[in-house]
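Residue numbers (our numbering), protein chains in the order written: chain A, 1142 to 1363; chain B, 522 to 614.
Using N, Cα and C, we set each Cβ at its ideal position, and we do this for glycine too.
Written out below as structure tokens is the structure these notes cover.
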Amino acid sequence: MTTLVVLTVIAIVALIAVLAIFLYWVGVLLSRIADNLDDANESVKSIVGHAKLIGPGVEHINRSGKVVASALPLLYGFAEQIVAKVSPNPERPSVAVPASGTRRSRMMRAVGYRPDDSAPQPSGGGGTAVAQLVAEAPATTEEAETEAPAGPAPAEGPYGAGSHAVLADGGQPDGFPIKGNMDSMLYHVPGSSFYARAVAEVWFASPKVAETAGFQLPPSQR
Amino acid sequence: MVDGLPAAEVSLWWMTLGIGFLVVLVVILLLSFLVAFVKIIDREVVKVRDTLRTITGNTANTTLIPQTAGGVDAVLAEGLQHHLFLGRVVGKV
């Protein structure tokens, strides 16, 4: 009887103890969960506060940015007008078209004559003489007007003073060392890599005269 | 008879005591499940809390947006000054 009573009391106490322990354990866990949820709630409130700044701020930036973007072309236009007014804009001299020199050189090429070509022509020694005659003869009346009068050296070349038309023998006129190519509008100075190979279609006294006439150095020498 | 109780009652008492201990074990098992589930909830809540803290750190930079808007306004004001200056100068050059 006593044993039964004791065991019964033990069973009841054990049940109560187990319930109490588990209730305390679950209580602790739920309390911790509540704290974490409270922290999460604070974080959400902060995020909402931060997010409220995004809409109006971005709208403000967008509005101001559009005004800036539309104003920049106006500033550019002003700057362009000022630069156009301030920049020196010298009038370039009109370049006379050297009709005689151009036609002469083309005529030389047409008949196969090259001033530096010393090879005999098919007609024997008379080829050079014919080419000289062709080179010296004015092709048209207009050409005759632009050509210098016959003489040892023309007083003014196809590009005015400081230029010289090619000689009949293809040689270099005295005082005109610069070779000019009228097809490419390039000039070559003595000693440059292209000078020996270049066929002069006009001679210049100096690089300055050549540039005044509209000629340029080859791109590799600029 | 055992200690003045009939043998049938004593047997019934023992059986009741056995069932009582069995109930205690079942209660322990069920409460263990409950604690396990609450622990899972606790872990997930901690993850949510950490994620929200990270998001809060990122969104804290949105306070720069009004400052940026002020900077853009300053650029606009400066551009307006340039516009006025160039408008005055362009006719005098």
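Would you call residue i buried or exposed, if buried means 16 or more other Cβ atoms sit within 10 Å of its Cβ?
{"i": "Arg609/B", "result": "exposed"}
{"i": "Ser1205/A", "result": "buried"}
{"i": "Met1323/A", "result": "buried"}
{"i": "Tyr1217/A", "result": "exposed"}
{"i": "Gly1303/A", "result": "buried"}
{"i": "Leu585/B", "result": "exposed"}
{"i": "Asn1177/A", "result": "buried"}
Could you confirm whether any beta carbon from chain A is found closer than 8 Å to the beta carbon of residue i?
{"i": "Phe542/B", "result": "yes"}
{"i": "Pro527/B", "result": "no"}
{"i": "Ile562/B", "result": "yes"}
{"i": "Leu538/B", "result": "yes"}
{"i": "Val547/B", "result": "no"}
{"i": "Leu555/B", "result": "yes"}
{"i": "Leu533/B", "result": "no"}
{"i": "Leu550/B", "result": "no"}
{"i": "Leu605/B", "result": "no"}
Could one say the Cβ of residue i lies closer than 8 Å to chain B's Cβ atoms, at least one of them?
{"i": "Met1142/A", "result": "yes"}
{"i": "Val1150/A", "result": "no"}
{"i": "Ala1220/A", "result": "yes"}
{"i": "Trp1166/A", "result": "yes"}
{"i": "Ser1205/A", "result": "yes"}
{"i": "Phe1345/A", "result": "no"}
{"i": "Val1227/A", "result": "yes"}
{"i": "Val1209/A", "result": "yes"}
{"i": "Val1350/A", "result": "no"}
{"i": "Ala1155/A", "result": "yes"}
{"i": "Leu1358/A", "result": "no"}
Mind checking which residues open and close the alpha helix (DSSP H) that includes residue i?
{"i": "Phe1356/A", "result": "Per DSSP, Phe1356/A belongs to no alpha helix (DSSP H) and is neither H nor E."}
{"i": "Tyr1165/A", "result": "1143–1227"}
{"i": "Asp594/B", "result": "585–611"}
Quick check on the DSSP output: the beta strand (DSSP E) that includes residue i runs from which residue to which?
{"i": "Ala1306/A", "result": "1304–1306"}
At a threshold of 7 Å, does residue i count as lining the ligand GTP (C-beta to nearest heavy atom)?
{"i": "Ala1152/A", "result": "Absence of the ligand GTP from the depicted structure is noted, as is the absence of any ligand whatsoever, leaving it without description."}
Tell me, please, which residues DSSP counts as bridged to residue i.
{"i": "Lys1320/A", "result": "His1329/A, Trp1344/A"}
{"i": "Gly1298/A", "result": "Gly1301/A"}
Please list the partners that residue i has in chain C, where partner means a Cβ-to-Cβ separation under 7 Å.
{"i": "Ile1174/A", "result": "The structure shown has no chain C; the protein chains it does contain are A and B."}
Which residues, in chain order, does the stretch 1321–1335 of chain A contribute to contact with chain B at a C-beta distance below 9 Å? For the stretch 1321–1335 of chain A, which is checked against every Cβ of chain B, not one residue is closer than 9 Å.
Given a limit of 8 Å on CB to CB distance, which residues of the stretch 568–581 of chain B reach chain A? Listed by position, the residues of the stretch 568–581 of chain B near chain A (Cβ gap below 8 Å) are Val569, Arg570, Leu573, Arg574, Ile576, Thr577, Thr580, Ala581.
Against chain B: residues of the stretch 1178–1191 of chain A by CB proximity under 8 Å: Leu1178, Asp1180, Ala1181, Ser1184, Val1185, Ser1187, Ile1188, His1191: these are the residues of the stretch 1178–1191 of chain A whose beta carbon lies less than 8 Å from some beta carbon of chain B, given in chain order.
Residues of the stretch 1305–1317 of chain A whose Cβ lies closer than 9 Å to any Cβ of chain B, in chain order: Hits within the stretch: zero.
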